[in-house]
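Numbering (the numbering used here), first residue to last: 1 to 95.
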């Protein structure tokens, strides 16, 4: 029996800086993407989705979108993963 706990998921949320934000359309509605959700997969790769809200405002759904293949977004994801790793490594235990 292994004494290591089984961790089933590691995920972080990253705010997309204003200069890197973009819009995308779903079902005829335009969304402004403001947040990335980054998950660490069991094989060590990162899976990323972008989330945002309707540009027109209102209480529209918080919808996920694929992240464009742009070097500055890839760098943001990588930097955020490194930062999250450092924060996890420096944790001070439960509350």
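Glycine residues also receive a C-beta, built at the ideal position from the N, C-alpha and C atoms.
*Ordered along the chain, which non-local residues of its own chain (more than five positions away) have a Cβ less than 7 Å from that of residue 12?*
The residues are 38, 80 and 84.
*Where does residue 56 land, buried or exposed, given buried means 16+ other C-beta within 10 angstroms?*
Burial call: exposed.
*Sequence-distant residues of its chain with Cβ nearer than 6 Å to residue 64 (five each side left out)*: Excluding sequence neighbours, residue 64 sits near 49 and 51.
_Cα-Cα separation between residue 29 and residue 95, rounded to whole angstroms_ = So the alpha carbons of these two residues sit roughly 42 Å apart.
*How close, in whole Å, do the beta carbons of residue 20 and residue 73 come, if the pair is a contact with beta carbons under 8 Å?*
Right, the Cβ-Cβ distance comes to about 6 Å (below 8 Å), so this counts as a contact.
_Residue nearest to residue 54 in terms of C-alpha spacing, selected from 9, 89, 25 and 5_ = Ranked by Cα distance from residue 54, the first of 9, 89, 25 and 5 is 25.
*Same chain, Cβ closer than 8 Å to residue 41, five either side skipped, listed in chain order*: 47.
*Which whole runs of the alpha helix (DSSP H) in the stretch 42 to 88 are 4 residues long or more, in chain order?*
Positions of the alpha helix (DSSP H) runs, each at least 4 residues long and wholly inside the stretch 42 to 88, cannot be given because no such run exists.
*Indicate whether residue 36 and residue 7 have their beta-carbon atoms separated by less than 7 Å.*
Against a cut-off of 7 Å, the Cβ pair of residue 7 and residue 36 comes out as no contact.
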